[in-house]
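Peer 1: Throughout the sequence shown, residue numbering follows the UniProt record's numbering, covering 1 to 220 in sequence. A virtual CB, placed ideally from N, CA and C, is assigned to each residue, including glycine.
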Amino acid sequence: MTEVAGTGRIEAVTSRSSPSQDRAPASLVACLGLLLPACPAPPPEAPAIVVVPVLVASTGAPAPAPVAEPPAIPLVCPLGMAFLAGGSMKVQNRSVQVSDYCLDRREVTAADYEACVKRGACDDEELECDSAFTYKKPALGGHPINCLSWKQANQLCDGSGHRLPTFEEWEWAARSGSAQQRFPGAPGTRTAIISAGRRGEAARAHAKSAPFQARGPRKG
1 MTEVAGTGRI EAVTSRSSPS QDRAPASLVA CLGLLLPACP APPPEAPAIV VVPVLVASTG
61 APAPAPVAEP PAIPLVCPLG MAFLAGGSMK VQNRSVQVSD YCLDRREVTA ADYEACVKRG
121 ACDDEELECD SAFTYKKPAL GGHPINCLSW KQANQLCDGS GHRLPTFEEW EWAARSGSAQ
181 QRFPGAPGTR TAIISAGRRG EAARAHAKSA PFQARGPRKG
């Protein structure tokens with residue numbers, strides 16, 4: 001409403017505002033209303049990073065589990081052979097270890113060697129010695145064969161699927177194994193070296209064939 005000058009009347013005047021003026025704020029608000037949600041919100045404050053040291057014990061590859069060794073197969077001796085459990089002993093100022101082995105219960109006889117010659121596994125060339133020689137003497141067929149060379153003795157053992165005992169194995173048997181007797185044989189045996197020789201008596205050992213220096217018999 002407005003007063004008309006000079007008349008004292010008041011007239012109602014409707015005043016229209018410009019469309020642009022009416023809508024501008026709404027449009028601005030609408031624009032803001034449309035744009036505000038589309039604008040990215042400010043990133044939240046990143047939490048502080050706390051570094052916690054972790055100790056890792058490195059042991060490398062896992063240790064393999066222990067494997068139990070298979071039980072030892074007991075030695076079974078052929079018929080006619082004796083089992084000798086091995087062990088350790090002193091030989092010529094040195095320690096030696098002898099494994100378990102089998103040894104003939106008796107010596108090879110003259111008849112055994114003659115049979116080996118007939119099979120072609122042994123030879124009897126130059127097989128002769130003094131009057132104590134037992135080969136090819138019918139009355140002495142059950143006596144131990146003597147006067148053999150190492151080659152002939154090896155042929156005999158090899159022909160029967162065996163072998164000669166080593167020095168240590170022979171010494172172990174001669175000492176009665178772990179008993180380590182001074183002299184082999186029954187208790188009370190007093191003669192250490194018995195060499196029949198030519199006269200069949202306990203005399204001096206053969207200087208050329210004995211493994212030790214020739215000497216007379218020792219008495220305990």
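Counting pairs of Cβ atoms below 8 Å between the region 113 to 130 and the region 85 to 97, do you hit three or more?
Peer 2: Touching, no, given that fewer than three Cβ pairs across the two stretches are closer than 8 Å.
Peer 1: Is it true that the CB of Y101 sits closer than 8 Å to the CB of E168?
Peer 2: Here residue 168 corresponds to residue number 168 of the sequence shown, with the count starting at 1. Here residue 101 corresponds to residue number 101 of the sequence shown, with the count starting at 1. No, they are not a contact pair.
Peer 1: Using the beta-carbon count (16 or more within 10 Å), is R119 buried or exposed?
Peer 2: If you number the sequence shown from 1, residue 119 lands on position 119. With fewer than 16 Cβ atoms within 10 Å of its Cβ, R119 is classed as exposed.
Peer 1: Just reading off the alpha helix (DSSP H) that D104 is part of, what are its end residues?
Peer 2: Stepping through the sequence shown from its first residue, residue 104 is reached at position 104. Looking at the DSSP string, D104 is not in any alpha helix (DSSP H); the run it does join, the beta strand (DSSP E), is Y101 to D104.
Peer 1: Could you check what DSSP says for Q155 in three-state terms: helix, strand or coil?
Peer 2: Residue 155 sits at position 155 when you count from the first residue of the sequence shown. Note: Q155 maps to helix in three-state DSSP.
Peer 1: Find the nearest neighbour of A115 within the set S160, L75, P62 and S95, judged by alpha-carbon distance.
Peer 2: Within the sequence shown, the letter at position 115 stands for residue 115. Looking at the Cα atoms, S160 is the closest of the given residues.
Peer 1: Do you know offhand how far P144's Cα is from P66's?
Peer 2: As a first step, residue 144 must be located in the sequence shown, where it is residue number 144. As a first step, residue 66 must be located in the sequence shown, where it is residue number 66. Using only the alpha carbons, I get a separation of about 52 Å.
Peer 1: Give me, in chain order, the residues of the same chain whose beta-carbon lies closer than 8 Å to that of S95; leave out the 5 immediate sequence neighbours on both sides.
Peer 2: Within the sequence shown, the letter at position 95 stands for residue 95. Excluding positions up to five away in sequence, the list reads S88 and M89.
Peer 1: Kindly list the residues whose CB is nearer than 7 Å to the CB of A121, restricted to its own chain and excluding five residues on each side of it in sequence; keep chain order.
Peer 2: Taking the first residue of the sequence shown as 1, we reach residue 121 at position 121. The residues are Q155 and G159.
Peer 1: Reducing DSSP to helix, strand and coil, say where V117 ends up.
Peer 2: Counting from 1 along the sequence shown, the entry for residue 117 is found at position 117. Of the three classes helix, strand and coil, the one that applies to V117 here is helix, per DSSP.
Peer 1: Mind checking Q152: buried by the 16 CB within 10 Å criterion, or exposed?
Peer 2: Taking the first residue of the sequence shown as position 1, residue 152 is located at position 152. It is buried - the Cβ of Q152 has at least 16 other Cβ atoms within 10 Å.
Peer 1: So, at 7 Å on beta carbons, what are the nonlocal neighbours of Y113 in its own chain, with the 5 sequence-adjacent residues on each side left out?
Peer 2: By one-based count along the sequence shown, residue 113 stands at place 113. Closer than 7 Å at Cβ, skipping near neighbours: C122, Y135, I145 and L156.
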